[in-house]
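> Protein chains in written order, with the numbering used here: chain A, 1 to 204; chain B, 205 to 408.
The C-beta atom is built at its ideal place from N, Cα and C for all residues, glycine as well.
What you are looking at is a predicted structure, and each value in this text was computed from that prediction instead of being measured.
1) Can you say whether residue 308 of chain B is buried or exposed, counting buried as having 16 or more other CB atoms within 10 angstroms of its CB?
2) Starting from the Cα of residue 57 of chain A, find the closest Cα among A:36, A:174 and A:191 and give me that residue.
3) Give me the residue from B:303, B:213 and B:311 with the minimum Cα distance to residue 234 of chain B.
4) In whole angstroms, give me the CA-to-CA distance for residue 259 of chain B and residue 270 of chain B.
5) Under 7 Å Cβ to Cβ from residue 195 of chain A, same chain only, skipping five residues before and after it: list those, please.
6) Between which residues of its own chain and residue 322 of chain B is the CB-CB distance below 8 Å, once the five residues before and five after are set aside?
7) Measuring only between beta-carbons, confirm whether residue 13 of chain A sits less than 8 Å from chain B.
8) Within the 8 Å Cβ cut-off, does residue 389 of chain B reach chain A?
9) Where does residue 80 of chain A land, buried or exposed, given buried means 16+ other C-beta within 10 angstroms?
10) Could you tell me the distance, in whole angstroms, from the CA atom of residue 293 of chain B to the CA atom of residue 330 of chain B?
11) Please tell me whether residue 172 of chain A has its Cβ less than 8 Å away from any Cβ of chain B.
12) Could you check where the alpha helix (DSSP H) with residue 382 of chain B kicks off and where it finishes?
13) In chain A, what lies closer than 7 Å to residue 268 of chain B by C-beta?
14) Near residue 318 of chain B, what residues of its chain come up, given a Cβ to Cβ distance below 6 Å and the 5 sequence neighbours on each side ignored?
15) Tell me whether residue 86 of chain A sits in a helix, a strand or coil according to DSSP, three-state version.
16) For residue 253 of chain B, count neighbouring C-beta atoms within 10 Å of its own C-beta (all shown protein chains included) and say buried if the count is 16 or more, exposed if not.
17) Using 7 Å as the cut-off, classify the Cβ of residue 107 of chain A as near or not near the heavy atoms of the ligand ZN, replying yes or no.
18) How far does the beta strand (DSSP E) with residue 38 of chain A in it extend, from its first residue to its last?
19) Using a Cβ cut-off of 9 Å, pull out every chain A residue sitting near residue 253 of chain B, in sequence order please.
20) Count the other C-beta atoms from every protein chain shown that fall within 10 angstroms of the C-beta of residue 61 of chain A, then say buried if there are 16 or more, exposed otherwise.
21) Select from A:199, A:37 and A:163 the residue whose C-alpha is nearest the C-alpha of residue 98 of chain A.
22) Nearest chain B C-beta to residue 19 of chain A closer than 8 Å, yes or no?
23) Taking 8 Å as the CB-CB limit, is residue 282 of chain B close to chain D?
24) I'd like to know whether the C-beta of residue 398 of chain B is nearer than 8 Å to at least one C-beta of chain A.
25) Starting from residue 329 of chain B, find everything on chain A with Cβ-Cβ shorter than 8 Å and list it in chain order.
26) Using Cβ-Cβ distances below 7 Å, what residues of the segment 22-38 of chain A are close to chain B?
27) To the nearest angstrom, how far is it from the Cα of residue 210 of chain A to the Cα of residue 247 of chain B?
28) Cβ closer than 8 Å: which chain A residues qualify as neighbours of residue 271 of chain B?
29) So, for residue 203 of chain A: in the same chain, excluding its five sequence neighbours on each side, which residues have a beta-carbon less than 6 Å away from its beta-carbon?
30) By the criterion of Cβ-Cβ separation under 7 Å, what are the contact partners of residue 383 of chain B in chain A?
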């Protein structure tokens with residue numbers, strides 16, 4: 001069969017999600033290795049959890065799992081060589097930086113911005129929903145911070161993030177990170193390599 | 205530091221658990237590769253879920269996750285070269301074969317029995333809580349089936365399985381499979397290799 005599309009993988013993430021942290025830090029290098037293009041898909045996990053009747057993360061609602069996840073995250077970060085410090089607030093709201101990711105769509109600095117946001121949350125324990133924190137990260141990337149933060153607060157961008165979350169719900173996303181390759185769903189950082197292998201397989 | 209104990213890993217499992225299926229099929233070969241001894245620890249996942257206020261598996265209670273898990277299990281089984289057929293009844297009660305595992309403690313045929321039980325559930329779609337099914341598997345292993353099934357139904361063995369489940373709860377086990385190495389918990393088939401690496405590391 002003729003190949004009509006480049007190899008691509010959708011990456012659905014929320015900056016408040018701990019296992020999304022691992023994938024944000026790893027994905028560009030891993031995808032390059034498999035010659036797969038990453039399509040970054042920000043969304044809000046909170047409304048998805050609310051649709052299940054949960055008022056917070058399962059890591060908060062289920063004490064045993066929550067305590068385990070802290071140990072698991074520390075070990076996983078050590079394995080991947082990523083710094084880790086449990087945020088003093090969890091899960092953190094990340095509406096502003098997720099909106100910035102929509103402004104940054106297809107910009108070469110977007111993946112680097114995502115990494116800086118994640119490091120701010122899970123290593124430096126900063127409030128990633130703060131205008132000042134996000135503006136500083138954009139400045140660090142030589143981007144016009146005030147312009148971009150301004151755009152991120154416009155109605156079209158606000159609506160796009162709402163729409164993203166609706167799409168995630170319609171596609172039965174129930175957690176983050178979630179990867180889609182040719183319509184197939186892969187859930188969790190532990191499936192990143194499987195998803196990339198599936199994406200790079202020629203047959204479709 | 206002097207090493208006083210052989211390298212060992214506890215493996216907590218329920219024959220009704222789909223991800224326990226993957227680990228039961230893989231664990232002996234993987235552990236041998238790491239020169240780690242497996243300590244098989246049967247328990248009932250149902251009472252653990254009930255203690256969280258759930259009346260079934262999260263794969264049943266949460267439709268989106270349940271549908272995903274079927275696809276994920278099919279892919280994982282293909283990856284590991286293990287046959288897979290979604291059981292017509294899920295989760296299946298597995299009280300009898302879990303009790304047999306306690307009778308079989310430290311017997312060389314125990315891991316092979318565990319594999320046969322899992323294949324009966326997740327490949328052949330048989331009722332693994334049936335006396336006839338379990339007796340047939342024991343006969344296949346040249347074991348005295350009537351004797352063993354009889355022993356499995358005695359009060360001391362029934363109490364031991366209850367006790368196992370209590371120990372799991374006290375140790376904050378919240379799912380299966382769960383591995384313990386030197387007191388550290390590792391949850392899920394995806395952590396089997398990490399747990400074995402941790403077990404085979406000399407420093408403690």
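Here's the rundown:
1) As a working mapping, residue 308 of chain B is identified with position 104 in the second chain. Looking at its Cβ environment, which holds 16 or more other Cβ atoms inside 10 Å, residue 308 of chain B is buried.
2) For this step, residue 57 of chain A is matched to residue 57 along the first chain. Of A:36, A:174 and A:191, the residue nearest in Cα terms is A:174.
3) For the purposes of this step, residue 234 of chain B is identified with residue 30 of the second chain, where counting begins at 1. Here the closest residue by C-alpha is B:213.
4) Against the second chain, residue 259 of chain B aligns to sequence position 55. Against the second chain, residue 270 of chain B aligns to sequence position 66. In a straight line, the C-alpha of residue 259 of chain B is about 15 Å away from that of residue 270 of chain B.
5) Counted from its first residue, the first chain places residue 195 of chain A at position 195. Closer than 7 Å at Cβ, skipping near neighbours: 9, 179, 181 and 186.
6) In the second chain, residue 322 of chain B corresponds to position 118, counting from 1. Once the five neighbours on either side are set aside, the close Cβ partners of residue 322 of chain B are 219, 224, 225, 228 and 229.
7) By one-based count along the first chain, residue 13 of chain A stands at place 13. Taking Cβ atoms only, chain B never reaches closer than 8 Å to residue 13 of chain A, which makes this a no.
8) Sequence index remark: in the second chain, residue 389 of chain B carries index 185 (1-based). Yes, because at least one Cβ of chain A sits closer than 8 Å to the Cβ of residue 389 of chain B.
9) Here residue 80 of chain A corresponds to residue number 80 of the first chain, with the count starting at 1. Residue 80 of chain A should be labelled exposed.
10) Translated into positions along the second chain, residue 293 of chain B becomes position 89. Translated into positions along the second chain, residue 330 of chain B becomes position 126. Spanning the two alpha carbons is a distance of roughly 9 Å.
11) In the first chain, the residue the question calls residue 172 of chain A occupies position 172. Closer than 8 Å: yes.
12) Position 178 of the second chain, counted from the first residue, corresponds to residue 382 of chain B. Counting along the chain, residue 382 of chain B falls outside any alpha helix (DSSP H), though it belongs to the beta strand (DSSP E) covering 382-385.
13) As a working mapping, residue 268 of chain B is identified with position 64 in the second chain. Near residue 268 of chain B (Cβ distances below 7 Å), the residues of chain A are 172 and 174.
14) By one-based count along the second chain, residue 318 of chain B stands at place 114. Result list for residue 318 of chain B: 228, in chain order.
15) One-based indexing of the first chain puts residue 86 of chain A at position 86. Residue 86 of chain A: coil per DSSP, three-state reduction.
16) To locate residue 253 of chain B, count along the second chain from 1; it is residue 49. Answer is buried; the Cβ neighbour count reaches 16.
17) Among the components modelled here there is no ligand, and therefore nothing to report on the ligand ZN.
18) The residue given as residue 38 of chain A occupies position 38 in the first chain. Per DSSP, residue 38 of chain A belongs to the beta strand (DSSP E) from 37-42.
19) Taking the first residue of the second chain as 1, we reach residue 253 of chain B at position 49. Result: empty, since nearest Cβ-Cβ is about 11 Å, beyond 9 Å.
20) In the first chain, residue 61 of chain A corresponds to position 61, counting from 1. It counts as exposed.
21) Position 98 of the first chain, counted from the start, is the residue given in the question as residue 98 of chain A. It is A:163 whose Cα lies nearest to the Cα of residue 98 of chain A.
22) For the purposes of this step, residue 19 of chain A is taken as residue 19 along the first chain, with counting starting at 1. Not an interface residue.
23) No chain D appears in this structure, whose protein chains are A and B.
24) The count along the second chain starts at 1 and reaches residue 398 of chain B at position 194. Chain A contact via Cβ: present.
25) Taking the second chain and counting its residues from 1, one reaches residue 329 of chain B at position 125. None at all; the shortest Cβ gap to chain A is about 25 Å.
26) none
27) As shown, chain A starts at 1 and ends at 204. That puts residue 210 of chain A outside it, with no answer to give.
28) For this step, residue 271 of chain B is matched to residue 67 along the second chain. The answer, in chain order, is 172.
29) For the purposes of this step, residue 203 of chain A is identified with residue 203 of the first chain, where counting begins at 1. Only weak support exists for where residue 203 of chain A lies, its pLDDT of 49 falling under 50; the value from the coordinates is given anyway. Around residue 203 of chain A: no qualifying Cβ.
30) Position 179 of the second chain, counted from the first residue, corresponds to residue 383 of chain B. What residue 383 of chain B touches in chain A: nothing, since even the nearest Cβ is about 12 Å away.
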